[in-house]
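In the working numbering, the protein residues as written are 2 to 279. Cβ atoms here follow ideal geometry from the backbone N, Cα and C, with glycine treated the same way. It should be emphasised that the depicted structure is a prediction, and the values quoted were computed from it without experimental measurement.
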């Protein structure tokens, strides 16, 4: 028994080394450098500059707004899609699950290019909607356009996360509710939604974290001209105008702090999730 435990620990060592080198060490490096300033030396000067600058506060605001609304729209569509899949018992369900798994990894330059072709200023759908008189003008490169773009890659991730959550809803609960005279709305209000709420909120915060850290897609679409946190961090590390790795580290710490809060909330909600505790 002892030999088996030592073997398990030995097999864990490579993973522990990998985790420290590629996760913990970079995070420590970023935190240390965030406290350094070329002008003021050690201290909180970088954070003071961030929270006293309308430009950086706007980047934080844009990141939070785009992440929040794309997560809201994404989870609404994902709930409808996941529930529909649970009600369909055919090969279509396996196909949609496989398609959702594939599209959840479809991001970056290919996704940005696809949206430019479809919804750009001269995109196929944009021209069709204008000719039909449905819209007068649409700017894919605005905040609204980015929310639509983010929502696209939030939906398949939401479906994959919510699909197993519906296993918590047992069919005999619905039948029992109907025998007691409850209609569909009453079932969802008193039974369905309370059971699914932890999973729904947990999925929501995962989508929020997923959108907060997105970089490649928004950069490929706007070439770095839209003010969000990941773009600002990258501009200070590899930009052509001004380089300030220490300030970039401070912005990265702010982003990590936001994602840490989201992760903690997710873990607290996950512990209360019915389908996990089962």
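Residue 79 is not a Cβ neighbour of residue 206, given a cutoff of 8 Å. Approximately 6 Å separates the beta-carbon atoms of residue 229 and residue 60; this is inside 8 Å, confirming the contact. The segment 159 to 174 makes no contact with the segment 219 to 227: fewer than 3 CB pairs, one atom from each, lie closer than 8 Å.
Residue 130 and residue 63 have their C-alpha atoms some 27 Å from each other.
DSSP lists 43 as the bridge partner or partners of residue 37. Annotation: the continuous alpha helix (DSSP H) that includes residue 177 extends over 172 to 180. DSSP places residue 84 in the uninterrupted alpha helix (DSSP H) bounded by 55 to 88. Residue 84 and residue 29 have their C-alpha atoms spaced approximately 42 Å apart. DSSP places residue 239 within a helical segment (H, G or I) once states are collapsed to three. In the DSSP assignment, residue 132 falls within the alpha helix (DSSP H) that extends over 125 to 132. In its chain, beyond the 5 residues on either side, no residue has a beta carbon closer than 7 Å to the beta carbon of residue 41. In this structure, residue 157 and residue 101 form a Cβ contact; the two beta carbons are roughly 4 Å apart against a cut-off of 8 Å.
Between the alpha carbons of residue 192 and residue 50 lies a distance of about 49 Å. Ranked by Cα distance from residue 199, the first of 208, 104, 267 is 267.
Taking residue 234 as the centre and dropping the five residues before and after it, the same chain places the C-beta of 249, 252, 253 closer than 6 Å to its C-beta, in chain order. For residue 186, the enclosing alpha helix (DSSP H) has its first and last residue at 185 to 188.
The segment 139 to 153 makes contact with the segment 66 to 82, as at least three CB pairs between them are under 8 Å.
Here residue 46 has 38 as same chain residues with Cβ atoms under 6 Å from its own Cβ, once five neighbours each way along the sequence are excluded. Here residue 269 carries a helix assignment [DSSP, helix/strand/coil]. By the criterion of a C-beta distance shorter than 6 Å, residue 154 is surrounded in its chain by 108, once the five residues flanking it on both sides are discounted. Nearest C-alpha to residue 115 among 141, 24, 93, 90: 141. Residue 164 sits in a helix when the DSSP states are folded into three classes. Between residue 76 and residue 213, the gap from beta carbon to beta carbon reaches 8 Å or more.
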